[in-house]
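This note's numbering puts the first residue of the sequence shown at 55, with every later residue one more than the last.
Glycine residues also receive a C-beta, built at the ideal position from the N, C-alpha and C atoms.
To keep things clear, I will list the structure first and then write my remarks on it.
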Amino acid sequence: MPEFCDVALPVPLDMAFTYHVPNDLAPVIGGRVLVPFRQQRMMGIVVDLHDNKPKVTTRNVLSIVDPAPVLDEKLLRLGRWIADYYLAPIGEVFRTMLPLTAEFKRVVGYRITQDGEMVLHLAGLSGSSRRSQRSPEEQAVEFRVLDYLADVGDEEDAGRVPHFWPKLPEVGISAVEGNELNIPTNARSTDPAAVQALVREQTLRSATGASRKLLDGMVRKKWITRQDLSAQQEATRTVKIAVLKSPEGKLNANQRSIVETIAAAGGRVPVETLQSLDVPRTTLGTLVRRGAIELVEEPASFRVSRTRPRPQPFEFDFTAPQKSALACLRERVESRKFSGMLLHGVTGSGKTAVYLAGMRSVLEAGRSAILLVPEIGLTPAVAADLHQIFGDEVAILHSALSDKERAEQWHRIRRGEARMVVGTRSAVFAPVTDLALIIVDEEHDASYKQEETPRYHARDVAVMRAKMSDAVVVLGSATPSLESYFNAKKNKYALIELPDRVEQRPLPEVEIVDMRQEFQETGHEQVISRKLATEIRERLDRKEQVMVLLNRRGYSPVVLCRSCGKKLECKNCAIALTHHKREHKMVCHYCGYTAPVPKACVHCGSEYVYFLGTGSEKLEELLHGMFPQARIARLDRDTVRGHEDFERTLNALNEGELDIIVGTQMIAKGHDIHGVTLVGVVGADVALGLPDFRAAERTFQLLTQVAGRAGRGQTPGKVILQTYFQDHYAVQYAAHHDFLGFYEKELRFRSWMHYPPYSALANVLIRSGKLDEALQWSGTLGKWFNETRHEGVRVLGPAAAPIMRLKQDYRYHFVLKSPSREKLNATLRAMLAHAAQQKIPRTQVIVDVDALWLM
Ligand SMILES: [Zn+2]
Ligand SMILES: [Zn+2]
Numbered sequence: 055m056p057e058f059c060d061v062a063l064p065v066p067l068d069m070a071f072t073y074h075v076p077n078d079l080a081p082v083i084g085g086r087v088l089v090p091f092r093q094q095r096m097m098g099i100v101v102d103l104h105d106n107k108p109k110v111t112t113r114n115v116l117s118i119v120d121p122a123p124v125l126d127e128k129l130l131r132l133g134r135w136i137a138d139y140y141l142a143p144i145g146e147v148f149r150t151m152l153p154l155t156a157e158f159k160r161v162v163g164y165r166i167t168q169d170g171e172m173v174l175h176l177a178g179l180s181g182s183s184r185r186s187q188r189s190p191e192e193q194a195v196e197f198r199v200l201d202y203l204a205d206v207g208d209e210e211d212a213g214r215v216p217h218f219w220p221k222l223p224e225v226g227i228s229a230v231e232g233n234e235l236n237i238p239t240n241a242r243s244t245d246p247a248a249v250q251a252l253v254r255e256q257t258l259r260s261a262t263g264a265s266r267k268l269l270d271g272m273v274r275k276k277w278i279t280r281q282d283l284s285a286q287q288e289a290t291r292t293v294k295i296a297v298l299k300s301p302e303g304k305l306n307a308n309q310r311s312i313v314e315t316i317a318a319a320g321g322r323v324p325v326e327t328l329q330s331l332d333v334p335r336t337t338l339g340t341l342v343r344r345g346a347i348e349l350v351e352e353p354a355s356f357r358v359s360r361t362r363p364r365p366q367p368f369e370f371d372f373t374a375p376q377k378s379a380l381a382c383l384r385e386r387v388e389s390r391k392f393s394g395m396l397l398h399g400v401t402g403s404g405k406t407a408v409y410l411a412g413m414r415s416v417l418e419a420g421r422s423a424i425l426l427v428p429e430i431g432l433t434p435a436v437a438a439d440l441h442q443i444f445g446d447e448v449a450i451l452h453s454a455l456s457d458k459e460r461a462e463q464w465h466r467i468r469r470g471e472a473r474m475v476v477g478t479r480s481a482v483f484a485p486v487t488d489l490a491l492i493i494v495d496e497e498h499d500a501s502y503k504q505e506e507t508p509r510y511h512a513r514d515v516a517v518m519r520a521k522m523s524d525a526v527v528v529l530g531s532a533t534p535s536l537e538s539y540f541n542a543k544k545n546k547y548a549l550i551e552l553p554d555r556v557e558q559r560p561l562p563e564v565e566i567v568d569m570r571q572e573f574q575e576t577g578h579e580q581v582i583s584r585k586l587a588t589e590i591r592e593r594l595d596r597k598e599q600v601m602v603l604l605n606r607r608g609y610s611p612v613v614l615c616r617s618c619g620k621k622l623e624c625k626n627c628a629i630a631l632t633h634h635k636r637e638h639k640m641v642c643h644y645c646g647y648t649a650p651v652p653k654a655c656v657h658c659g660s661e662y663v664y665f666l667g668t669g670s671e672k673l674e675e676l677l678h679g680m681f682p683q684a685r686i687a688r689l690d691r692d693t694v695r696g697h698e699d700f701e702r703t704l705n706a707l708n709e710g711e712l713d714i715i716v717g718t719q720m721i722a723k724g725h726d727i728h729g730v731t732l733v734g735v736v737g738a739d740v741a742l743g744l745p746d747f748r749a750a751e752r753t754f755q756l757l758t759q760v761a762g763r764a765g766r767g768q769t770p771g772k773v774i775l776q777t778y779f780q781d782h783y784a785v786q787y788a789a790h791h792d793f794l795g796f797y798e799k800e801l802r803f804r805s806w807m808h809y810p811p812y813s814a815l816a817n818v819l820i821r822s823g824k825l826d827e828a829l830q831w832s833g834t835l836g837k838w839f840n841e842t843r844h845e846g847v848r849v850l851g852p853a854a855a856p857i858m859r860l861k862q863d864y865r866y867h868f869v870l871k872s873p874s875r876e877k878l879n880a881t882l883r884a885m886l887a888h889a890a891q892q893k894i895p896r897t898q899v900i901v902d903v904d905a906l907w908l909m
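Printed below as a string of structure tokens:
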């Protein structure tokens, strides 16, 4: 066994750490180990085993978590690529790739210090405290905690714990990370008196705030990482399933109730479900004896889908372009070589059917596929369809899963039980074997970019993973990103077009309403133009449905004082607070800070405060006023708390229980509602006024996508596009469904301005809670950029970030552009090294490669 191993730890440092491997341990590359790191224990991934003794003294690996790798060689390589490309710490990359946090808990234990022993000793001697400022109650708490800790001792250091948890004593009270001195519900074998004492200490602390340092110096924190194998146990645990066989003969009411329950669930149901029925337990036994029902055991990990049917035969009535797209995809998959395809299909052209048919052929060939969807794309209805098509072979990874459920799904995929994986961003790391196909649906969607370290883009990672696996990657969209379309045009991807909607449905007619002219003619600022109002009324008369997009939530986005001219801003961010009328609050949409609705100006006390602008909440109210008879619902982050809310509203729309649906961009994405014949677009061009080079692209995409919701059924659709920028090319091309026209115009702009796809771009953000620190650090780096003058890399900045203050941080930034990605990354690496030398904390310098937002 090699003597040393290098471990990638989830810390903001761009390196792996070398540890000594004790004789009795056998770590594996790609497996997790537990190691000491500073004062803590940490879990990391072994990235190398070797005999090169480092110059510094090494500490011992404490224990092995996985006897076999959890990241195979290809995923390790992918992780290294991400770390390199996005300049992200390797350990943080691996942590992102492994959704297994549920299996471990980091807990805080306490041990008594010498000072603590002394205090305890003195208290025992004199019965009075050396510190007069403490109340008797506080002293009592202190005494009980110290007494308990002294009593428990420190068995771990006495070496009685060979390597891992089982024998580790519960030193004092343990608490879940981040909540010092909290009492976890799962604390085992802790002394009730001490628990009580600490509970009181906690209460004391929160009640007075003064006793914050109650036990300061007398107890020492110590970190324990505890393995909770519940996920693995879950995987091997079995459950009893009742399967309906032949329920012949006469059934009594109780028996009928059981049989009907199973039948309603599709013929199979977990026995525990039946126990909730109000029937005697013996009834089930009787039915089993009579052969009406059979009991079978299944692994508990099938829980998610076990009542689902087996894969169903899968037939689609494909159009000719769909057929040739599918043939092309299948041929490439069979070649077992890397290739990329861009599937550019107009809204309603049936891209999803092509994806699913492609995945089915991969499944039939016994191989694996991953389908990535945007965050809002995975509704329960979609999940039901997927189960219908793929049966138990599908694992669905969505944001509503608990950590534990996510770990369960991960293990199912790893064991090869689920070879079809559908999920949002991080599903790109699913540990499938024999990967044949990765599909990125709506590849232009911004939710594929992670906005925290590692700041990877799942689409680009998907392409790299396919490359490393000799697999096929399909990027699909009605509005491909400039980058992807550019790559396709340069023959890096095969470009497959689906130019028509299915069943020869026409694309909707788009009519532009110039809101400046509307203002001149009506004499006041309108939210809903006369044209849109007329069209809505017509649809309501014909019992058709209407969708109105306003991409801004809340009631009024700005509160302004007419006396002093100041806005009401968030206390943590340089952002105006939005008025939310129903909740009767002012809310910051960036950090969540809330404030009461002001009756007078907070700056000058004047009563002339005005609520300006319109958000989706106000739009809904306006529509209620204009069309009192209409049934109206709203979809935005305020009305949708989870997938269920979203699904419920969409279902109501589908069932014809709603006439008008109002919402933010949430309503624009991929939903197939057949009754909507009119789409109204109100204020979707706000982005055009932002200082962001992607604003035109984003606006074009949003307008095209929302227009695509109209006329997906029998009746042709129409779009009324209200805008203050009617001459802007993004608006014009979207109105004419002209992707190519937009693309060419936008490319010229990007080329001229040296923006992607002509340049690689990175945003470097310097942040600090202290203004002078943020200024000083960005000055230091600015000076360094100036002095070093990296050839072929343009550096803009330092400048105040467009959102200069966010979540209490002051923010400055640099934008780096280079036609050469190697040069760009070399510059960034050198900059990070310099920053480290200048003692600028790594967490305060954010490097965002291929940044989507420069805000
Ligand atoms: Zn004022
Ligand atoms: Zn804020």
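Environment of ligand 2, chain-ordered: CYS624, ASN626, CYS627, CYS642, TYR644, CYS645 and TYR647, taking every residue with Cβ within less than 5 angstroms of a heavy atom.
At least one heavy atom of ligand 1 lies less than 6 angstroms from the C-beta of HIS657. The DSSP-derived three-state label of ALA542 is helix. The segment 485 to 544 is shown to contain whole beta strand (DSSP E) runs of 3 or more residues at 489 to 495 and 526 to 531, in chain order.
By the criterion of a C-beta distance shorter than 7 angstroms, THR648 is surrounded in its chain by LYS639, MET640 and VAL641, once the five residues flanking it on both sides are discounted. By the 16-neighbour rule on beta-carbons within 10 angstroms, LEU794 is exposed. Annotation for SER670 indicates a beta carbon at 6 angstroms or more from all heavy atoms of ligand 1. MET858 sits in a strand when the DSSP states are folded into three classes.
Annotation: the continuous alpha helix (DSSP H) that includes PRO375 extends over 374 to 389. VAL527 places its beta carbon less than 7 angstroms from that of ALA520. Classified as exposed, VAL110 has fewer than 16 neighbouring CB atoms from the shown chains inside 10 Å of its CB. In this structure, TRP831 sits away from ILE900, with a CB-CB distance that is not shorter than 7 angstroms. In the same chain as SER378, and ignoring 5 residues on each side of it, no C-beta atom comes closer than 7 angstroms to its own. Cβ neighbours of ILE312 within its own chain (closer than 7 angstroms, five residues either side excluded): LEU328, LEU331, VAL333, THR337, LEU338 and LEU341. Take ARG555, set aside five residues on each side of it, and the residues of its chain with a beta-carbon closer than 6 angstroms to its own are GLY402 and SER403, in chain order. Annotation for VAL482: ILE424, LEU426, ILE492, ALA512, VAL515, ALA516 and ARG519 place their beta carbon closer than 8 angstroms to its own, counting only its chain and skipping 5 residues before and after. By the CB criterion at 7 angstroms, HIS808 and LYS871 fall inside the cutoff.
When the five nearest sequence neighbours on each side are left out, the beta carbons in the same chain lying within less than 6 angstroms of the beta carbon of THR507 are those of ALA142 and GLU146, in order along the chain. Contact annotation, GLY669 with SER610: C-beta distance approximately 6 angstroms; criterion of less than 8 angstroms satisfied. Where ALA307 is concerned, there is no enclosing beta strand (DSSP E), although the alpha helix (DSSP H) around it starts and stops at 307 to 318. Annotation: SER872 is outside any alpha helix (DSSP H); the continuous beta strand (DSSP E) that includes it extends over 863 to 872. Restricting attention to beta strand (DSSP E) runs no shorter than 3 residues, the segment 575 to 608 encloses them at 599 to 603, ordered along the chain.
The beta carbons of GLY98 and PRO123 sit no closer together than 7 angstroms.
Distance from the C-beta of SER832 to the nearest heavy atom of ligand 1 is not below 6 angstroms.
Between PRO81 and ILE118, the C-beta gap is smaller than 7 angstroms, which places the two residues in contact.
Here the distance from the Cβ of SER610 to the nearest heavy atom of ligand 1 is not below 6 angstroms. Shown here, THR167 sits in coil according to DSSP, grouped into three states, outside any helix or strand. By the neighbour-count criterion, in which 16 or more other beta carbons inside 10 Å mark a residue as buried, ASN306 falls on the exposed side. Around the beta carbon of LYS405, 16 or more other beta carbons sit within 10 angstroms, so the residue counts as buried. Just so you know, the alpha carbons of ASP371 and HIS728 end up roughly 18 angstroms apart. Note on the segment 421 to 489: whole alpha helix (DSSP H) runs with a minimum of 4 residues are 434 to 444 and 457 to 468, in chain order. Rounded to the nearest angstrom, the Cβ distance from LEU451 to VAL475 is 7 angstroms, consistent with a contact under 8 angstroms. Distance from the CA of LYS824 to the CA of ASP863, rounded to the nearest whole angstrom, comes to 7 angstroms. Counting the other CB atoms within 10 Å of its CB gives PRO108 a total below 16, which places it among the exposed residues. Between ligand 1 and SER660, a heavy atom-to-CB distance of less than 6 angstroms is present. Residue range 899 to 903 is occupied by the beta strand (DSSP E) that includes ILE900.
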